[in-house]
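Engineer:
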Amino acid sequence: MARYFEYIDQHKERFEQELFDLLRIPSISAVSSNKGDVRQAAEFIREQFDQMGLNGVQLFETPGNPVVYGEYMDAGRDKPTVLVYGHYDVQPPDPLELWETEPFEPTVRNGDVYARGASDDKGQAYTHVKAIESWLKTEGRLPVNVKVIIEGEEEIGSPNLVPFLQEHKEMLACDMVLISDTSMFDKDVPSITYGLRGLAYMQVYVQGPNRDLHSGTYGGAVQNPLNALCEIIAGLKDKDGVVQIPGFYDDVIALSDEERAESARLPFDEQAFKDSLAIGQVFGEKGYTTLERKSSRPTLDVNGIWGGYQGEGAKTVLPAKAGAKISMRLVPDQDPKKIAALFTRYVHQIAPAGVTVVVEEHHGGHAAMTDLNFYGLEAASQAFEDVYGRKPLFTREGGSIPIVADFKKVLGADSILMGFGLNSDAIHSPNEKFSLEDFHRGIKTSARFFEVLAGVKA
Ligand code: BES
Ligand code: ZN
Numbered sequence: 417m418a419r420y421f422e423y424i425d426q427h428k429e430r431f432e433q434e435l436f437d438l439l440r441i442p443s444i445s446a447v448s449s450n451k452g453d454v455r456q457a458a459e460f461i462r463e464q465f466d467q468m469g470l471n472g473v474q475l476f477e478t479p480g481n482p483v484v485y486g487e488y489m490d491a492g493r494d495k496p497t498v499l500v501y502g503h504y505d506v507q508p509p510d511p512l513e514l515w516e517t518e519p520f521e522p523t524v525r526n527g528d529v530y531a532r533g534a535s536d537d538k539g540q541a542y543t544h545v546k547a548i549e550s551w552l553k554t555e556g557r558l559p560v561n562v563k564v565i566i567e568g569e570e571e572i573g574s575p576n577l578v579p580f581l582q583e584h585k586e587m588l589a590c591d592m593v594l595i596s597d598t599s600m601f602d603k604d605v606p607s608i609t610y611g612l613r614g615l616a617y618m619q620v621y622v623q624g625p626n627r628d629l630h631s632g633t634y635g636g637a638v639q640n641p642l643n644a645l646c647e648i649i650a651g652l653k654d655k656d657g658v659v660q661i662p663g664f665y666d667d668v669i670a671l672s673d674e675e676r677a678e679s680a681r682l683p684f685d686e687q688a689f690k691d692s693l694a695i696g697q698v699f700g701e702k703g704y705t706t707l708e709r710k711s712s713r714p715t716l717d718v719n720g721i722w723g724g725y726q727g728e729g730a731k732t733v734l735p736a737k738a739g740a741k742i743s744m745r746l747v748p749d750q751d752p753k754k755i756a757a758l759f760t761r762y763v764h765q766i767a768p769a770g771v772t773v774v775v776e777e778h779h780g781g782h783a784a785m786t787d788l789n790f791y792g793l794e795a796a797s798q799a800f801e802d803v804y805g806r807k808p809l810f811t812r813e814g815g816s817i818p819i820v821a822d823f824k825k826v827l828g829a830d831s832i833l834m835g836f837g838l839n840s841d842a843i844h845s846p847n848e849k850f851s852l853e854d855f856h857r858g859i860k861t862s863a864r865f866f867e868v869l870a871g872v873k874a
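In the working numbering, the protein residues as written are 417 to 874.
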């Protein structure tokens with residue numbers, strides 16, 4: 417057995433304890449009062465990089481949260497250079513009351529660690545950190561050149577990372593990017609994700625009268641902003657789940673027959689999917705399968721909506737304003753800016769008279785695809801097979817990691833999405849978890865990947 421494998425087995429407990437230490441830091445990028453925690457998480461990783469013997473270790477300041485950097489460039493110029501990317505920031509833990517145990521007090525139940533960020537992305541990003549440590553501590557070297565960046569703004573759309581890439585283009589030059597921030601197809605069914613969706617995120621404000629009104633005195637004579645908002649939202653999609661914004665589908669690359677056939681061959685259990693969510697029926701764009709709907713077709717969803725009285729009992733009131741947050745998941749070649757503009761125009765067009773509507777654009781990002789013939793995927797596939805005992809599936813996923821498209825655009829590098837999470841990890845939800853077995857296997861897969869890659873010809 418390779419020495420790095422032995423090391424990974426021997427240090428299993430310590431790796432877990434260290435991950436738990438990282439999980440205790442509430443590095444929520446969306447909440448400004450957690451700024452100090454976010455920095456503390458960055459410092460924690462920087463220390464790790466220092467201790468394990470990476471070179472050039474540095475916290476790069478940005479106008480937002482720092483990027484942690486470290487490298488090992490002594491494998492030789494004939495060896496490929498892998499840029500490992502991950503994020504140490506997490507989503508807010510709300511709603512807090514639905515957590516069985518505290519979100520920032522990692523707790524192990526049935527072999528899973530429960531904490532915000534356990535799967536997305538501290539646990540997954542940490543697999544590579546520990547894989548690199550295992551190589552350096554046993555062999556004193558890595559078989560390929562490695563650069564690592566762990567950022568702190570992924571969950572808010574990586575606003576400062578694109579400028580960072582542009583500014584440090586030389587430093588980050590690489591042959592490929594390695595990322596673990598996605599999911600396996602199922603438990604014990606490893607997979608490599610070759611497609612991610614893009615995103616356009618919008619906020620709609622509807623303003624009616626200058627104050628809340630008595631719904632008896634004024635109701636029926638004044639446009640109600642909440643009713644108006646509902647009318648707008650109802651106009652965005654039809655009953656078949658088709659987005660009604662003119663031009664929305666114009667740039668969508670249709671799924672090829674071949675890709676549809678491949679997707680249909682994946683071992684997807686629709687009944688289990690429904691059971692796991694306690695829904696009697698699936699819903700989505702007519703003419704597409706559930707897998708296609710959730711990964712390779714564009715869609716639109718309300719993420720939040722507000723207005724009017726939400727307290728106990730009934731209050732007869734006509735609210736002065738209402739609002740909603742709406743996301744659109746995009747596929748190649750939809751452009752988030754163009755989609756945002758089309759959305760804005762259409763919302764104004766269908767808004768009923770009597771209210772003022774303001775549409776704002778939040779962060780977004782392009783969809784990303786990795787060419788299935790990319791040689792790095794072969795090494796990743798081999799590494800999975802060596803550790804999991806079976807070849808990974810190649811899948812598309814519906815989530816977004818906007819920086820993946822920028823890695824391609826700015827650095828010219830394809831990304832290998834080597835996910836160790838599960839769809840049931842409840843990322844962004846209460847009771848997020850990560851399997852410690854997959855944490856362990858993830859470390860081994862990453863360590864093995866570096867070795868296999870060193871022997872593969874580009
Ligand atoms: N790890 C996720 C992305 C992901 C989720 C990929 C599920 C594949 C399957 C990532 O941290 C994330 O949540 N991204 C955001 C991006 C947004 C904030 C720009 C997302 O997808 O909502
Ligand atoms: Zn993530």
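Built from N, CA and C at the ideal position, the CB exists for glycine as well.
1) Do you know how far the Cα of D597 is from the Cα of T705?
2) Hey, would you say D510 sits closer than 7 angstroms to S445, going by beta carbons?
3) For T598, does the three-state DSSP call read helix, strand or coil?
4) Check whether the Cβ of S449 lies closer than 6 angstroms to any heavy atom of the ligand BES, and answer yes or no.
5) Rounded to whole angstroms, what is the Cα-Cα separation between A531 and E848?
6) Does DSSP classify V473 as helix, strand or coil?
7) Could you say which of K495, I548, G780 and E422 lies nearest to D822 if we only look at CA atoms?
8) Would you say the beta carbon of S599 comes nearer than 6 angstroms to a heavy atom of the ligand BES?
9) Between the Cα of L827 and those of V773, G614 and E586, spot the shortest distance and give me the residue it belongs to.
10) What three-state label does DSSP hand I461 in the structure shown?
11) I'd like to confirm the pairing. Which residues does DSSP put opposite D830 in its beta bridges?
12) Assuming E487 contacts V564 under a Cβ cut-off of 8 angstroms, what Cβ separation, rounded to an integer in Å, is found between them?
13) What does the alpha-carbon distance come out to for the pair H844 and L439?
14) Who does S851 pair with in a DSSP beta bridge?
15) Less than 7 angstroms between the C-beta atoms of L577 and I755, yes or no?
16) Would the beta-carbon of I566 fall within 7 angstroms of that of L833?
17) Would you list the one or two residues that DSSP bridges to A616?
18) Could you round the C-beta distance between P748 and I669 to whole angstroms and report it? I think they count as a contact, below 8 angstroms.
19) Taking contact to mean 3 or more Cβ pairs, one atom from each stretch, closer than 8 angstroms, check whether the region 618-629 and the region 768-784 are in contact.
20) Determine, using beta-carbon pairs with one atom in the region 670-689 and one in the region 600-607, whether at least three such pairs fall under 8 angstroms.
21) Based on DSSP bridge pairs, tell me the residues matched to N561.
22) So, is A644 buried or exposed, given that buried needs 16 or more other C-beta atoms within 10 angstroms?
Structural biologist: On the basis of the supplied data:
1) For the purposes of this step, residue 705 is taken as the residue at position 289 of the sequence shown. For the purposes of this step, residue 597 is taken as the residue at position 181 of the sequence shown. So the alpha carbons of these two residues sit roughly 24 angstroms apart.
2) Mapped onto the sequence shown, residue 510 falls at position 94. Mapped onto the sequence shown, residue 445 falls at position 29. No, these two residues do not count as a Cβ contact at 7 angstroms.
3) Mapped onto the sequence shown, residue 598 falls at position 182. Note: T598 maps to coil in three-state DSSP.
4) For the purposes of this step, residue 449 is taken as residue 33 along the sequence shown, with counting starting at 1. Flag unset: Cβ of S449 not near the ligand BES.
5) For the purposes of this step, residue 531 is taken as the residue at position 115 of the sequence shown. For the purposes of this step, residue 848 is taken as the residue at position 432 of the sequence shown. Roughly 6 angstroms separates the two Cα atoms.
6) Within the sequence shown, residue 473 is the residue found at index 57, counting from 1. Note: V473 maps to strand in three-state DSSP.
7) Here residue 822 corresponds to residue number 406 of the sequence shown, with the count starting at 1. Ranking the options by Cα distance to D822, first place goes to G780.
8) Along the sequence shown, read from residue 1 onward, the residue named residue 599 stands at position 183. It does: the Cβ of S599 is within 6 angstroms (strictly closer) of some heavy atom of the ligand BES.
9) Stepping through the sequence shown from its first residue, residue 827 is reached at position 411. Of V773, G614 and E586, the residue nearest in Cα terms is E586.
10) Indexing the sequence shown from 1 puts residue 461 at position 45. Reduced to three states, the DSSP call for I461 is helix.
11) By 1-based counting over the sequence shown, the position of residue 830 is 414. Note: D830 sits in a beta bridge opposite M592.
12) The residue you call residue 487 lines up with position 71 of the sequence shown. The residue you call residue 564 lines up with position 148 of the sequence shown. Right, their Cβ atoms sit about 7 angstroms apart.
13) Translated into the one-based positions of the sequence shown, residue 844 becomes position 428. Translated into the one-based positions of the sequence shown, residue 439 becomes position 23. In a straight line, the C-alpha of H844 is about 14 angstroms away from that of L439.
14) Taking the first residue of the sequence shown as position 1, residue 851 is located at position 435. Note: S851 sits in a beta bridge opposite D528.
15) The residue you call residue 577 lines up with position 161 of the sequence shown. The residue you call residue 755 lines up with position 339 of the sequence shown. Taking 7 angstroms as the Cβ cut-off, L577 and I755 do not qualify as a contacting pair.
16) Position 150 of the sequence shown, counted from the start, is the residue given in the question as residue 566. Position 417 of the sequence shown, counted from the start, is the residue given in the question as residue 833. No; because the gap between Cβ atoms is not below 7 angstroms, this pair is not in contact.
17) Here residue 616 corresponds to residue number 200 of the sequence shown, with the count starting at 1. The partner list for A616 (beta bridge, DSSP) reads M744 and G780.
18) Within the sequence shown, the letter at position 332 stands for residue 748. Within the sequence shown, the letter at position 253 stands for residue 669. Yes, they are in contact, since the Cβ atoms of P748 and I669 sit about 5 angstroms apart, within 8 angstroms.
19) yes
20) yes
21) Reading the sequence shown from its first residue, position 145 is the one you call residue 561. Bridge partners of N561: T497.
22) On the sequence shown, position 228 is the one that residue 644 refers to. With 16 or more Cβ atoms within 10 Å of its Cβ, A644 is classed as buried.
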